[in-house]
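Okay, structure first, notes after.
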Amino acid sequence: MLAIPAIDLIDGQAVRLRQGDYAQKTIYDPDPAHMAQRFQTHGAPWIHMVDLDGAKAGGPRNLEILRRVRQKTDLRIQWGGGIRTREDFLKALEWGADRVVVGSRLVANLQEAAGWIGEFGEALVAGIDMKSGLVSTHGWGEVSGIRGLDLGHQLAGLGCRRFVVTDIATDGMLEGPNIGMVREWVDQMRVPIIASGGVSCPEDLAELAGTGCEAVIVGKAIYEGRVKLETIWK
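For the sequence shown, my numbering begins at 52 and goes up steadily by one.
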């Protein structure tokens with residue numbers, strides 16, 4: 052199982068939120084590219100970047116940061132936040148993303164989702180963010196009546212090849228991931244699953260590895276020193 056470090060962006064700075072609450076923001080580095088370089092130095096092959104301004108605004112806001120990370124590192128970049136149009140997706144690829152996470156737009160229009168999945172293939176990752184199992188959209192500000200797994204099955208049926216699944220209740224809390232949710236997704240889906248939310252220590256990583264998920268996104272646990280950069284990719 053691969054551990055993927057996360058950099059969330061607000062106003063061009065690396066931050067973390069608690070449960071997706073923009074009012075509970077902690078700034079960890081004013082220079083996200085510097086942080087990305089640290090991750091690369093310690094052996095990370097991938098990085099997960101989220102444009103939180105974009106997610107809230109409904110369109111990319113931090114593409115210049117994406118470009119700087121691409122220029123300053125050899126990391127492969129998974130990018131998300133505010134991807135609402137095909138042009139947004141193409142721009143993210145153009146500015147340096149290897150994979151692009153799409154959430155709200157896939158929920159809004161399955162017919163369009165099918166077209167995107169067919170066009171972008173492996174470059175498209177479906178981001179399924181959930182509160183109590185229901186899909187949350189638009190920067191986690193809105194909760195739909197759609198079960199996450201139901202949407203997952205629909206998208207997989209359209210050919211979606213990879214999912215990032217997040218339990219919002221655990222995100223940024225350092226209280227442990229929702230192992231049951233991750234295991235359910237791995238058991239029911241036949242495509243790679245990337246788990247997100249709640250990692251607090253190396254033992255959480257070991258438990259997630261036992262679910263069979265492809266990768267886990269790690270954010271606050273790294274920034275708070277709960278998971279050491281010196282050991283995570285050894």
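Where a beta carbon is used, it is the ideal one built from N, C-alpha and C, also for glycine. All of these numbers come straight from a predicted model, not from anything done at the bench.
- With respect to residue 280, residue 99 sits apart: the two C-beta atoms are not nearer than 7 Å.
- Between the beta-carbon of residue 139 and that of residue 91 there is about 26 Å, and that puts the pair past the 8 Å contact cut.
- The secondary-structure analysis by DSSP pairs residue 175 across a beta bridge with 151.
- The residues 244, 262, 263, 264, in chain order, have a CB closer than 8 Å to that of residue 237 in the same chain once the five nearest residues on each side in sequence are set aside.
- Residue environment for residue 160: exposed (fewer than 16 other C-beta atoms within 10 angstroms of its C-beta).
- The C-beta distance from residue 216 to residue 273 rounds to 20 Å, too long to fall under 8 Å, and the pair is not in contact.
- Going by DSSP, residue 230 is part of the alpha helix (DSSP H) stretching over 230-239.
- In the DSSP annotation of this structure, the continuous segment of the beta strand (DSSP E) that includes residue 56 starts and ends at 53-61.
- Beta-bridge annotation (DSSP): residue 255 is not paired with any residue.
- Look at residue 145 here: in three-state DSSP terms it is helix.
- Taking 7 Å as the cut-off, the Cβ atoms of residue 143 and residue 120 do not count as close.
- The continuous beta strand (DSSP E) containing residue 80 extends over residues 72-80.
- If you look at residue 219, you'll find it isn't in any beta strand (DSSP E); DSSP assigns it neither H nor E.
- Bounds of any beta strand (DSSP E) do not take in residue 189, whose DSSP letter is neither H nor E.
- Secondary structure in the region 77-123: the alpha helix (DSSP H) runs of 4 residues or longer, each lying completely within the stretch, are 83-92, 103-108, 114-123 in chain order.
- The C-beta of residue 241 has fewer than 16 other C-beta atoms within 10 Å across all chains shown, which makes the residue exposed.
- In the structure shown, the three-state DSSP call for residue 68 is strand.
- For residue 132, there is no enclosing beta strand (DSSP E), as DSSP marks it with neither H nor E.
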